[in-house]
Amino acid sequence: MKNRYAYGYVLVGLQFSVLLALLLLSSLLTALRSGEPLPWLLVAASVAVGLAAIASNRPGNFNIHPSPKAGGSLVVHGIYRHVRHPMYAALLIFAGACVAARPDAIDAGLFCALLCVLFVKSRLEEQWLRDTFPDYAAYMKTTGRFLPGVF
Numbered sequence: 202m203k204n205r206y207a208y209g210y211v212l213v214g215l216q217f218s219v220l221l222a223l224l225l226l227s228s229l230l231t232a233l234r235s236g237e238p239l240p241w242l243l244v245a246a247s248v249a250v251g252l253a254a255i256a257s258n259r260p261g262n263f264n265i266h267p268s269p270k271a272g273g274s275l276v277v278h279g280i281y282r283h284v285r286h287p288m289y290a291a292l293l294i295f296a297g298a299c300v301a302a303r304p305d306a307i308d309a310g311l312f313c314a315l316l317c318v319l320f321v322k323s324r325l326e327e328q329w330l331r332d333t334f335p336d337y338a339a340y341m342k343t344t345g346r347f348l349p350g351v352f
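Encoded structure:
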């Protein structure tokens, strides 16, 4: 159990490291300043998905670590009715904005690295959620991981 918990922190560190590298290497701020529409659209979508996740959740139920918060509850309404990990989806959409601002191999590779980290992190999180909430396994069968309808 301790190793799984430490592994969760490694994944959190990787997630933020890749996001930071992508943000620093991409030209997102330049693209936004110049008014390029695709990066703006993706950033707006990212914010909308993130806010929908916050609106569907109760305060204190979020955890940056993939383990469920003590005393937390399973949320299956709002955006969670369609996507199991909307906050990860919001991060991926934001990363897509970075790639759209500077579509090159480095940014595309960082996007793929982030997708891999979030996929592994979501699998670890789902192990804990299945252990904590008996209804989670059934919820997984009907709800997409990062995109509606995509399991």
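One point on numbering: in this note's numbering, the residue at position 83 of the sequence shown is 284, and numbering is uninterrupted. Positions of the beta carbon are idealized from the N, C-alpha and C atoms, including for glycine.
In whole angstroms, give me the CA-to-CA distance for E237 and L221.
21 Å
Contact set for L233: own chain, Cβ-Cβ below 8 Å, skip 5 residues either direction
Within the same chain, and ignoring the five residues on either side of L233 in sequence, the residues whose Cβ sits closer than 8 Å to its Cβ are P240, W241, V244, A302.
Rounded C-alpha distance that separates A290 from Y281
So the two alpha carbons sit approximately 11 Å from each other.
Sorted by chain position, which residues of the same chain lie with C-beta nearer than 6 Å to K247's C-beta, five sequence neighbours on each side aside?
Note on residue identity: the sequence assigns Ser, not Lys, to residue 247. Counting only Cβ-Cβ distances below 6 Å, and skipping sequence neighbours, we find A291, I294, F295.
Within 8 Å, strictly: CB atoms of G209 and P269
no
Whether L226 touches V318 by CB criterion (8 Å)
The Cβ-Cβ distance between L226 and V318 does not fall below 8 Å.
Roughly how many angstroms separate the alpha carbons of A254 and G279, rounded to a whole number?
8 Å
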